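Chains as they are written, first to last, in my numbering: chain A, 1353 to 1637; chain B, 120 to 543.
We treat Cβ as the ideally placed atom computed from N, Cα and C, and that holds for glycine.
Values in this document were obtained by computation on a predicted structure and should not be read as measured data.
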Amino acid sequence: MSDYLPFLISGLGLGAVYALSGVGLVVLYRSSGVLNFAFGALGAIGAYVAWSVLDAELPQALAWAVALATSMGLSLAYGRLLAPRLAHRDPTIRSIATLGFALILMGFTEWFWGEQPRRLVLPTDADGLELGEVRLTYTRVLGLALALGMMAGIGLLLSKTRTGLKMRALANDRDLSALLGLRVLQVDTVAWVLSGAFAGVCGLLLANIVRLQATLLTFLVIPAFAAAMLGRLNSLPITVAAGIGIGVLEALAITLPGFAPFRTSVPFLVALAALPFFRNDARKA
Amino acid sequence: MSIKNLVPNTSNPLHVLAGFALLGLASATHADPTCGLSNGRPATGEPLAIGAVVGKTGPDDFSSAASAAAAYFKCVNQNGGINGRPVDYIVADDQWNPETATQVASKLVKDRRVLAMTGSTSFVECGANAKMYAQEDVMVIAGVGVPRECFNAKNYAPINSGPRVSATIAAMYAVQKYQAKKMVCIIPNIPSLGNWACEGPKEWGAKHGVVSETIAIDPGSADATSVMLQASAMKPDVIIMNVPKGILVPMLAAAEQQNLGKKIHFVSSAPAYNIDVPKAIGPYWKGRFDTNLEFQPLDSQGLDNKNWLALMDKYAAKSDPRDSFAQSGYLAARLVTEALLKMDPKKIDRAGVSKALRAVKGFKSDILCKPFYVGDGLRHNANNSGPMASSNGSNWTVASGGCLTAEDPELADIRADEVKMGVR
C-alpha cells in the first residue's frame, strides 16, 4: 500500500483539476443548456494575462483580478453577441459553436504569447501538507477546496435562489420562459459571466498545477467531460467525486508497467465503462 | 568554457581577413557580417535552387534553422552569390504531417529540381523522405534532427548532435561531476524517439558501472507529479530529462514542489538550452540543473558566432529567433555555400553538388566543438561533442571543462568512418 500512497496523493491534485473543470462544464449546461467547449480556452487566456501582469512585477491580486476580468469579459461577449443568435438551433450546433470559439481563443493565445516556456507561480506553491513522502501543495489543496466549494455554492444557487430558478427555466425551454416574462438576456448574462469567472479561476489553478500552455489547457476540457458525463451533466456532487476518482486512477495507473505511458486514456476508459449503465439519460442529454 | 576549445573559422581566406578585422574592432557591436564571396556585388546569374522542409505549423515551430539559412543566402546573393549565380532558397512547411512532408519534398526534389536541401528541421520528414533523398541522390545538410531516422540515413546529415548523443553527454557529465551510480532517463513515448534517445546513457552506463533506467511518458499528460514521484521512487542519484522545454518546465515545477532537487541532481539534453528556461524554472534550480548544448552558447564570443548574430541583425527579420536552431541553419547554409563556391559555376548540377557535399571535411566554426564533416557513410552524426551549462537562476553559466565528446557505443560505426576519412 505504501508504494501506492504517493500516487494516490498526487492523484488528488490531478483529480481536483478534473473536478474543477467538470463542475465548470455542468454549471453552464444546467444554466443555459450549452456544453461549453471554450471553458479551457477562456481559462487559458486568463492565465496568460495573469502571467503577463506578474511578469511586469505587478501585485498578485491585480494579476488574479485582470485574469478573471478577461475570462468573464470574453465569456460575456460570446454569451451576448453570438450565443443568442444560435439559441434556436440544435443543442449540438450550439455546443460545437463554442468549440469554434475555443479554437479562435487558443489560436490567438498561441500567436500572442508564443512558444516561450512559462511558469505561473502562485504564493500557495511555497508550502503544503506533508503526507508521508509526498507534499500536497496548498495550491492543490485550494483546488480541491474550490471544487467542493463551487459544487456547494452553485448547487445552492441553482436550487435555492430565484436567479437559479430562472436559469434552469431558460435552459429547459427558452421560448416558454420568454413568454412567461423572463428577462432572457439578463439571465443569460449572469450565466455566461458566472461561467467565465469559473473558467478564469480554473485557468489560473490549472496553469499552475498542470502547465501554462494554451493547447493543453484548452483541451483539458475533454477529460473533464468524462467527469461531467458521469455526473450525467446534472449532478455536481457526482461530477466532483468522478473528477477526483478519475484523477486518482490516472495517477495510480503509472504503477502499471506497459500501461503507464498511455494513462491519459484513463478518463475515457472510465467514461466508456460507465456509459452503458445510463443509456436512457444519455439519450436525453 | 575554455577559450582553447573555440576553433576559429579559417575555411575561407576572406573569413580570416574579416576575422582579424573583427578582432581589431572587438568593441564594435554592429560589425558587417561576412558570407560567401563577401564582395558587395549582387548576384545576377541563373539562380541555383536549394530547398528545405521544416515543421513550422503544428505542435511547435521548427522553422528558425531555415530562417537563419534564408538570411545567410540573402547575404550571399548580395555579395557575389555562388560565383555570380544567386541562390533560390525554397522553404516548405510539412505541418508536422508525414504525408505533407512527402508531398512538399517530392515537389522540391522532382518538380523544382533542387540541387540540395539545407537547413531542414522537421520531426516527421526524416522517416518520410530519407529513402527518396537517397534514390534521387539529393544531399540534405539539415539544421536540427530529432528522431532516430535523421541520424540513420545515407543522404541526411544534421548539423546538431541529436537527443541520444546529447543525453549521453549529460549522463557522462553527471557521473563526472556528481559521481552518479544510478540514473533515470525520462523520455516522451513518441515513435522514433521513444527509448532510443535514452539508450545512449543506458549503454554507456552499462560499460562504466552506472545503471540507467528509462521512464517513457505521455507528453499530453496533465500529471507531472506522478512521473517525478515514480522517478524518485527508483532512488536515482541523477534524473536525465530528455523532453521538450514545454514539458520540462512543468516537470521541474513538480519536482520542486516535492523538493526533489535537494536529494537528486537534474540534468537535461539540449532542448533545455533556451534563454527563457532558467527564468521560467525559477531560483530553486540555481546550481541544481545542468543541460547539454549541441553548439557553443548563443552569446559566445567566437568570431563565427558573432558573425552569425551580425548576419541575423542585417538579413533576418527582428522576430526570427536567435536560438540554437538558428545557429544550425546558419552553419548548414555556410557549409553548402562554401562547397558550391569550390565548383565551376557553369557545371553545377545535382550529382556534382552531392559529390561536393559528401567530400566536405574539416569544416570549421567556433560554434561547433570540433570540425564538421559529411562523408560517404551510411549514416551521419558528425557533431557528437558539446559543452554543459548550469542554471544560475536567471541565465545559464557554461560549465568549466569545455566540450565533452559522447562515448555512446552506438557511435562505433561513425568513429570507424572518421578513421577512414582521416578526421580522427
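- Minimum Cα-Cα distance from residue 1384 of chain A among the listed residues A:1550, A:1516, A:1582 and A:1424 corresponds to A:1516.
- In the DSSP assignment, residue 1569 of chain A falls within the alpha helix (DSSP H) that extends over 1566-1571.
- Annotation: residue 1382 of chain A has no Cβ neighbours in chain B at a cutoff of 9 Å; minimum Cβ distance is about 25 Å.
- Annotation: Cβ neighbours of residue 1369 of chain A in chain B (cutoff 7 Å, chain order): 341.
- For residue 348 of chain B, the chain A residues whose C-beta falls within less than 7 Å of its own C-beta are 1358, 1359, 1362 and 1486, listed in chain order.
- Scanning chain A for C-beta atoms nearer than 7 Å to the C-beta of residue 344 of chain B yields 1362 and 1365, reported in chain order.
- Residue-level contact check: residue 214 of chain B does not touch chain A, since none of the beta carbons of chain A fall below 7 Å from its beta carbon.
- Below the 7 Å Cβ cutoff, chain A contributes 1613, 1614, 1615 and 1616 as neighbours of residue 337 of chain B, in chain order.
- Contact residues of the segment 1594-1606 of chain A toward chain B are 1602, 1603 and 1606 (C-beta to C-beta distance below 7 Å).
- Taken through DSSP and simplified to helix, strand or coil, residue 317 of chain B comes out as helix.
- Counting the other CB atoms within 10 Å of its CB gives residue 427 of chain B a total of 16 or more, which places it among the buried residues.
- DSSP places residue 344 of chain B in the helix class (H, G or I) of the three-state scheme.
- Contact between residue 223 of chain B and residue 230 of chain B fails: their C-beta atoms lie close to 10 Å from each other, not under 8 Å.
- Beta-bridge partners of residue 301 of chain B (DSSP): B:330.
- Listed in chain order, the beta strand (DSSP E) elements of length 3 or more contained wholly in the segment 1472-1556 of chain A are 1480-1483 and 1486-1489.
- Within chain A, 1469 and 1471 have C-beta atoms less than 9 Å from the C-beta of residue 400 of chain B, given in sequence order.
- Annotated three-state conformation of residue 260 of chain B is strand, per DSSP.
- Nearest neighbour of residue 486 of chain B by Cα position, chosen from B:274, B:540 and B:419, turns out to be B:419.
- Against chain A, a Cβ distance below 8 Å from residue 396 of chain B picks out 1469.
- Contact annotation for residue 1565 of chain A against chain B: 365 [CB-CB distance below 7 Å, chain order].
- The three-state reading of DSSP puts residue 1613 of chain A in helix, counting H, G and I together.
- For residue 1489 of chain A, the residues of chain B that pass the 8 Å Cβ criterion are 376, in the order they occur in the chain.
- In terms of Cα proximity to residue 1423 of chain A, the closest of A:1547, A:1532, A:1615 and A:1495 is A:1547.
- Bounds of the beta strand (DSSP E) holding residue 277 of chain B are 275-277.
- Close partners of residue 1572 of chain A in chain B (Cβ separation under 8 Å): 341.
- At a cut-off of 7 Å between beta-carbon atoms, residue 1622 of chain A makes no contact with chain B.
- Residue B:490 holds the alpha-carbon nearest to the alpha-carbon of residue 522 of chain B among B:154, B:164, B:368 and B:490.
- Remark: three or more beta-carbon pairs, one from each stretch, lie closer than 8 Å, so the segment 1584-1597 of chain A and the segment 1368-1382 of chain A are flagged as touching.
- The residues 320, 359, 386, 387, 388, 409, 410, 411 and 507, in chain order, have a CB closer than 8 Å to that of residue 289 of chain B in the same chain once the five nearest residues on each side in sequence are set aside.
- Judged by DSSP in its simplified three-state form, residue 358 of chain B adopts strand.
- Residue 310 of chain B has a beta carbon lying at 7 Å or more from every beta carbon in chain A.
- Non-local beta-carbon contacts of residue 1427 of chain A in its own chain, meaning distances under 7 Å to residues more than five positions away in sequence, involve 1394, 1544, 1545, 1547, 1548 and 1551 in chain order.
- Going by DSSP, residue 208 of chain B is part of no alpha helix (DSSP H) but of the beta strand (DSSP E) stretching over 206-212.
- Per DSSP, the beta bridge partners of residue 384 of chain B are B:357.
- With 16 or more other Cβ atoms from the protein chains shown falling within 10 Å of its own Cβ, residue 1389 of chain A counts as buried.
- Per DSSP, residue 235 of chain B is one residue of the beta strand (DSSP E) stretching across 235-237.
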